[in-house]
Amino acid sequence: WGSEVMAMIATNADPIQIAYPDASELSLHLALGTCRVRITPGHGDVWVTGTFQDRAGPMLYNVTEDGGTVRICSGWGSEAVMAMLGGCPVVNLVLGRSRLFALTVELAGGELELELGGLPLCQLVLKQGAGRADVVFSERNPIPMTRFQFSNGAGVAEFHQLANANCAEFIFEGGAVSYRCDFGGTLQRNASVKIATGASSLDI
Numbered sequence: 004w005g006s007e008v009m010a011m012i013a014t015n016a017d018p019i020q021i022a023y024p025d026a027s028e029l030s031l032h033l034a035l036g037t038c039r040v041r042i043t044p045g046h047g048d049v050w051v052t053g054t055f056q057d058r059a060g061p062m063l064y065n066v067t068e069d070g071g072t073v074r075i076c077s078g079w080g081s082e083a084v085m086a087m088l089g090g091c092p093v094v095n096l097v098l099g100r101s102r103l104f105a106l107t108v109e110l111a112g113g114e115l116e117l118e119l120g121g122l123p124l125c126q127l128v129l130k131q132g133a134g135r136a137d138v139v140f141s142e143r144n145p146i147p148m149t150r151f152q153f154s155n156g157a158g159v160a161e162f163h164q165l166a167n168a169n170c171a172e173f174i175f176e177g178g179a180v181s182y183r184c185d186f187g188g189t190l191q192r193n194a195s196v197k198i199a200t201g202a203s204s205l206d207i
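Just remember that this note's numbering sits 3 ahead of the position in the sequence shown, which is counted from 1.
What follows is the structure, given as structure tokens:
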């Protein structure tokens, strides 16, 4: 199938390092269980660096590369269950700015703490079963983003300086979610915003 699979056992602060694939279009996909995900922009030549930290021993995760798509998935076996019993695992990632890419994060539950300022994102999809999300664009996205889609079943979601995302279409969906959307920053293009919620509060 032309794909390369690297299986890893993550111990406390086990390092993650992924180089840019030799492909024209890049996509990073995170599919994780209940944990806290922190993402910040970096300045080096490596695409993804960081750590996978737990509090109760090893936790299984897989890194799969298929062309320009890299997937990081957390384990769902006994190792993952034991890790969560000792406390919520923490994923700290630093993402490179050298090449544009699409980013997808699927989180069963927990927290998203994303500082995405300056990252060349062409598309952003965040799916959260439940929990808190805090997404910040402190700097301008250097490339046009086609779509930023966020969904959450229940929790709190705060977005800061969304104009800096340089995005054409914002789609926010949720059940029982408290939304706070700050469209500060520098608006560079026309944008459409669609918000569809259930029993939610909304502050724009």
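For each residue, glycine too, the CB sits at the ideal point set by N, CA and C.
Option nearest residue i by Cα separation, candidates the options
i	options	result
V128	R150, R135, S141	R150
I42	T54, P24, E116	E116
G158	R135, A168, E172, L106	R135
T200	I174, N95, L33	I174
E172	L205, C125, A160, Y182	C125
I19	W50, C91, S27, G113	W50
L119	L96, E176, F55	L96
G178	A133, Q191, C91, N65	A133
I75	L33, F55, C91, T54	L33
Beta-ladder partner(s) of residue i, from DSSP
i	result
D137	E116, E161
I1	Residue 1 lies beyond the stretch modelled for the chain, which goes from 4 to 207, so this question has no answer here.
P44	L98
S154	K130, E176
R192	In the DSSP output, where bridge partners are listed per residue, R192 has none listed.
A34	C76, E109
Exposure of residue i, with buried meaning 16 or more beta-carbon neighbours within 10 Å
i	result
N193	exposed
A202	exposed
V180	buried
G3	Not covered by the structure: residue 3. The range shown for the chain is 4 to 207.
D48	exposed
I207	exposed
L29	buried
A168	buried
CB-CB length for residue i against residue j, believed under 8 Å
i	j	result
G188	F140	6 Å
V73	P24	7 Å
D185	L165	6 Å
K40	L110	According to the sequence shown, residue 40 is Val rather than Lys. The Cβ separation is near 6 Å, so the contact holds.
G112	T37	4 Å
S77	L35	4 Å
Q233	P92	Examination of residue 233 is not possible in this model, given that the chain is present from 4 through 207 alone.
L205	I198	7 Å
CB contact check: residue i to chain C, cutoff 8 Å
i	result
G201	Annotation note: the requested chain C is absent from the structure, which comprises a single protein chain.
(Q) With three or more C-beta pairs closer than 8 Å as the rule, is the segment 65–75 touching the segment 142–157? (A) Too few Cβ pairs lie closer than 8 Å, so no.
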